[in-house]
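Some notes on the structure that comes next.
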Amino acid sequence: MTHFDTNFLIQTVVAGSPAHEKFQTWFHARESCNASSIAWAEFLCGPLDAPAEAIAREIFPNPEPFLPADAVLAARLFNQTGRRSRSLADCMIAAVAIRCEAKLATINTPDFQPFLSHGLILA
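Convert by adding 836 to the 1-based position in the sequence shown; the result is the number in my numbering.
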């Protein structure tokens, strides 16, 4: 299982992008892919055109919900990784991936490096 971070999700719907090519590889290998509802909300904030949104809705018809246990883990990640400004959404995305035992596909690897020692696996 692989979860997509927002930036990876944005690039997945751009034909020819490295994220799109990687998604195609996973798709043909029948790798299960999803996105957390947090990444999904960020994605829908756009900018986003109708065709890209339609493609993403086909790929991710049921984004993984953010559960109360995810909130607890996200807060722990936030506090234990330096309370970095503007990192709470990343903590939330990481918490869902950790709970789901999913690898996280991201373009911004450095943003998620602090979570590796807490159980996050990057794709």
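Note that the Cβ used here is the ideal one computed from N, Cα and C, for glycine as well.
Predicted model, so just to flag it, every value in this text is computed and none were measured.
Length of the line joining the Cα atoms of residue i and residue j
| i | j | result |
| --- | --- | --- |
| histidine 856 | proline 899 | 18 Å |
| aspartate 906 | cysteine 936 | 10 Å |
| arginine 920 | phenylalanine 914 | 7 Å |
| glutamine 949 | tryptophan 876 | 21 Å |
| cysteine 927 | histidine 954 | 11 Å |
| serine 923 | phenylalanine 844 | 17 Å |
| lysine 858 | phenylalanine 951 | 23 Å |
Residue i, enclosing alpha helix (DSSP H) - first and last residue
| i | result |
| --- | --- |
| alanine 871 | Careful: alanine 871 lies outside any alpha helix (DSSP H), inside the beta strand (DSSP E) at 869-871. |
Integer-rounded CB distance, given that residue j should sit under 8 Å from residue i
| i | j | result |
| --- | --- | --- |
| threonine 838 | alanine 938 | 6 Å |
| serine 853 | glutamine 860 | Actually they are not in contact, since the Cβ atoms of serine 853 and glutamine 860 sit about 10 Å apart, beyond 8 Å. |
Where the beta strand (DSSP E) through residue i begins and ends
| i | result |
| --- | --- |
| leucine 940 | 939-941 |
| threonine 917 | Note, threonine 917: premise wrong, no beta strand (DSSP E); not H, not E. |
Within 8 Å, strictly: CB atoms of residue i and residue j
| i | j | result |
| --- | --- | --- |
| asparagine 870 | phenylalanine 896 | yes |
| isoleucine 934 | leucine 909 | yes |
| alanine 925 | glutamate 878 | yes |
| alanine 930 | leucine 940 | yes |
| threonine 945 | leucine 956 | no |
Problem set entry | Every unbroken beta strand (DSSP E) inside the segment 854-892 [3 residues or more] | For the segment 854-892, whole beta strand (DSSP E) runs of length 3 or above, ordered along the chain, are 869-871.
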